[in-house]
Amino acid sequence: MPATDIGIDLGSSNVVIYTKQRGISIMEPSVVAYDKDTEKILAYGEEAKSLIDRTQGNIVSIRPLKNGVISDYRMTERLLKHFIQKSLGRRVFRKPYISICVPSGVTEVEKRAVEEASYQAGARDVTIVEETVAAAIGAGIDITKPVGNLVVDIGGATTKCAVISLGAPVVLQTLRIGGDTFSEAIIRYVRRNHNLFIGEGQAEAIKIKIGTVYPKPNSESMQISGRNVITGLPRTISITSDEVRQACGEAANEIVEVVHGVLEKTPPELSQDIVERGIVLTGGGALLDGFEEMIEERTGINVMTAENPECAVAEGTGLYNEKIAMLSRMD
């Protein structure tokens, strides 16, 4: 099994790329902006995302992946090719060995679509990596040992909860709730309770600055601007962290229920390992304040967040072949 040149976390919200030489070299939104009439690509990533809700007519910005799987194959291929070339720079002497993660539970057809898109984007060889295994590796967990580790990966569109042992998931559950779900919940809350339309970017800013899923000793607040639902005019209001917690509460509870469900299905010998080793959170959604406290309170098990949760899957994907080779040598 060849060493990986590039590890790719191809998410619904972001593309994160890890290279041997530079570590995390790309972390940009999975967005493509193009002209509908000519199909000419106008922008990728951050630049394309900035055009969402700001363009009219024939210029559109889309996310070619939905719920972790390819919904627009051609645009995904072009997105991949752009970021692979960008991560390698101009001087490419040979096609790269690429490892790319796929969400837990995708079909073989969906796996082949990701693999084919990677080859079309310029890969010499492609390894498909299961997402929760990659998250565990990226979080610093030694997956080669015969012990149980519980990983909760809160991505942009989905949350994956898995017990990993000897390099593979033993128990696994996926929920179609992620960081984007919380942004959408905030948008709905502000519209319903404040009669204010806000966009995706404003919701993201709220989530980052005062977002929480667990009660804070002191509520925080911030000023936000949007369009009044009734008058159609610009308006500025104040929103508090308690309000954000209310907005995000239902989705956060569903994630905790999934963790609880996985623990109930875990074999007793691995359950003891989890009690001793704790639960590890990865994914950009894990950065939303309060998840550690909320899961600890409901399960009674220590919870910790990976050092760079939003990069864990990409790092683990890049290191996957090396870890699996170690596991093979142990056999």
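Quick note: the sequence shown, position 255, residue 401 per our numbering, numbers continuous.
Glycine included, each C-beta is placed from N, C-alpha and C at the ideal position.
Going by the CB atoms, is the gap between Ile310 and Val298 shorter than 8 Å? no
Would you say Thr327 touches the ligand ADP, meaning its beta carbon is less than 7 Å from a heavy atom? No copy of the ligand ADP appears in this structure; indeed no ligand is present at all.
Inspect the CB distances between the region 227 to 246 and the region 372 to 388 and report whether three or more fall short of 8 Å. no
Collapsed DSSP secondary structure at Glu155 in the structure displayed: The residue asked about is misnamed: residue 155 is Asp in this sequence, not Glu. DSSP places Asp155 in strand when its eight states are reduced to three.
So Cys307 is in the beta strand (DSSP E); what residue range does that whole segment cover? 305 to 311
With a 10 Å radius around its C-beta and 16 neighbouring C-beta atoms as the bar for buried, classify Val459 as buried or exposed. buried
Residues in its own chain within less than 8 Å of Arg381 by CB, not counting five upstream and five downstream? Leu342, Ser371, Gly372, Arg373, Asn374
Residue burial classification, Met440 (beta-carbon count within 10 angstroms, cutoff 16): buried
Please determine if the region 387 to 406 and the region 348 to 367 are in contact, where contact requires at least 3 C-beta pairs separated by less than 8 Å. yes
Provide the residue(s) that pair with Tyr164 in DSSP beta bridges, ordered along the chain. Gly153, Ile170
Helix, strand or coil for Tyr466, going by three-state DSSP, please let me know. helix
Would you tell me roughly how many angstroms separate the C-alpha atoms of Gly395 and Val408, rounded to the nearest one? 20 Å
Is it buried or exposed, Arg270, if we count other Cβ atoms within 10 angstroms and call 16 or more buried? exposed
Contact with chain C by Gly153, beta-carbon distance below 8 Å: No chain C is present in this structure, which holds just one protein chain.
Determine the burial state of Thr253: buried for a count of at least 16 other Cβ atoms within 10 Å of its Cβ, exposed for fewer. exposed
Whether or not the region 207 to 214 and the region 424 to 436 are in contact is what I'm after, with contact meaning three or more pairs of Cβ atoms, one per stretch, closer than 8 Å; do they touch? no
Alpha-carbon spacing of Phe328 relative to Ser176, whole angstroms: 18 Å
Val317, enclosing beta strand (DSSP E) - first and last residue: 314 to 321
Assigned secondary structure, Tyr335 (DSSP; H/G/I helix, E/B strand, else coil): helix
Out of Ala351, Lys241, Lys353, Glu223, state which residue places its alpha-carbon closest to the alpha-carbon of Asp151. Lys241
State yes or no: is the C-beta of Ile244 within less than 8 Å of the C-beta of Ile154? yes
Give the DSSP-derived three-state secondary structure of Asp299 in the structure shown. strand
I believe Ile163 touches Gly294 by the beta-carbon criterion, under 8 Å. Please report the beta-carbon distance rounded to the nearest angstrom. 30 Å between Cβ atoms; not a contact.
Compare the C-alpha of Val390 against each of Glu422, Ile333, Val404 and name the closest. Ile333
The beta strand (DSSP E) that contains Thr451, what's its start and end? 449 to 451
Should Asn213 and Ser158 be called a contact, given that it needs their Cβ atoms to be closer than 8 Å? yes
Hey, out of Val279, Asp435, Leu197, whose CA is closest to Glu346's CA? Leu197
When Ala267, Ile274, Gln369, Asp183 are compared against Glu256, the one with the closest alpha-carbon: Ile274
Buried or exposed by the 16-neighbour rule on C-beta atoms within 10 Å, applied to Asn339: exposed
Simplified DSSP assignment, three categories, for Gly372: strand
Give the DSSP-derived three-state secondary structure of Asp388 in the structure shown. helix
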